[in-house]
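Residue numbers (my numbering): 891 to 1005.
For each residue, glycine too, the CB sits at the ideal point set by N, CA and C.
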Ligand code: SF4
């Protein structure tokens, strides 16, 4: 997925199930309604969003609602697994496991406190 699609999807995802009017989104990205509509259709075909036809100020338009939230690497930034010295030995059912790992537990607790 190209960068523009990813950015737009992340933005739409921020509105969760409420969605956002496509005209509002195009203003944010300084897109013409033609380019914006093409992008919305592309995202819909990719299964990332749904387009819901609605009447807004006596005009038909579309509300864009996220279907699949794009995966962001931000969620794993700072994870101890990325620099773990025993990562090669780590598995769900192994002796070294995320189920019993103190590093991962500490990291999750810090992340939760920061949110
Ligand atoms: S879960 Fe713990 S032991 Fe396993 S890779 Fe991550 S930091 Fe290392």
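Item: Please determine if the segment 946 to 960 and the segment 971 to 980 are in contact, where contact requires at least 3 C-beta pairs separated by less than 8 Å.; Value: no
Item: So is the beta-carbon of residue 1017 under 7 Å away from any non-hydrogen atom of ligand 1?; Value: The structure shown does not extend to residue 1017, since the chain spans only 891 to 1005, so no value can be given for it.
Item: Do residue 902 and residue 944 have their beta-carbon atoms positioned less than 8 Å apart in this structure?; Value: no
Item: Taking just the CA atoms, how far does residue 912 sit from residue 930?; Value: 8 Å
Item: Look at the alpha carbon of residue 989 and the alpha carbon of residue 949, and state the distance between them as a whole number of angstroms.; Value: 54 Å
Item: With a threshold of 7 Å (Cβ to nearest heavy atom), would residue 977 be considered close to ligand 1?; Value: yes
Item: Rounded to whole angstroms, what is the Cα-Cα separation between residue 998 and residue 964?; Value: 14 Å
Item: I'd like to know whether the C-beta atoms of residue 942 and residue 909 end up nearer to each other than 8 Å.; Value: yes
Item: Tell me which same chain residues have a C-beta within less than 6 Å of the C-beta of residue 958, skipping the five on either side of it?; Value: 938
Item: Roughly how many angstroms separate the alpha carbons of residue 987 and residue 968, rounded to a whole number?; Value: 18 Å
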